[in-house]
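*Asks:*
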Amino acid sequence: MSQCGSQAVLMITTSPEGTTTNVVRRRIELRCELDQGHSGRHRDDSKGEEWERAAAGSRPPTLLRQEDDDG
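In the numbering used here, the protein residues as written are 5 to 75.
1. At the level of alpha carbons, what is the spacing between E71 and H42?
2. DSSP three-state call for A59: helix, strand or coil?
3. How about the stretch 35-49 and the stretch 6-17: do they share at least three Cβ pairs that are nearer than 8 Å?
4. How is L34 classed by DSSP in three states: helix, strand or coil?
5. Classify S10: buried if its beta carbon has 16 or more other beta carbons within 10 angstroms, exposed otherwise.
6. Count the other CB atoms, across all protein chains shown, that sit within 10 Å of the CB of L38; report buried if there are 16 or more and exposed otherwise.
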């Protein structure tokens, strides 16, 4: 069976020290690797991410994750 192929974008953000602004550090494109016609959430196992289904005909969803610098 073929893969679902639904897409999403994951934006990894950080807040530079001394600001309240979020800056995008990385943009990762996700693609669902489950079988076409699956039920439940979409999943990109190679990147370890899951996301909700988008409405038919809508743009791929954007997921946000805040990561702080470790030094």
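For each residue, glycine too, the CB sits at the ideal point set by N, CA and C. All of these numbers come straight from a predicted model, not from anything done at the bench.
*Replies:* This is what the structure holds:
1. As a position in the sequence shown, residue 71 is number 67, starting the count at 1. As a position in the sequence shown, residue 42 is number 38, starting the count at 1. The alpha-carbon of E71 is positioned some 31 Å away from that of H42.
2. Stepping through the sequence shown from its first residue, residue 59 is reached at position 55. When DSSP states are grouped into helix, strand and coil, A59 belongs to the coil group.
3. The stretch 35-49 makes contact with the stretch 6-17: 3 or more CB pairs, one atom from each, lie closer than 8 Å.
4. By 1-based counting over the sequence shown, the position of residue 34 is 30. Reduced to three states, the DSSP call for L34 is strand.
5. The sequence position of residue 10 within the sequence shown is 6, counting from 1. Buried, since its Cβ has 16 or more Cβ neighbours within 10 Å.
6. Counted from its first residue, the sequence shown places residue 38 at position 34. Classification for L38: buried.
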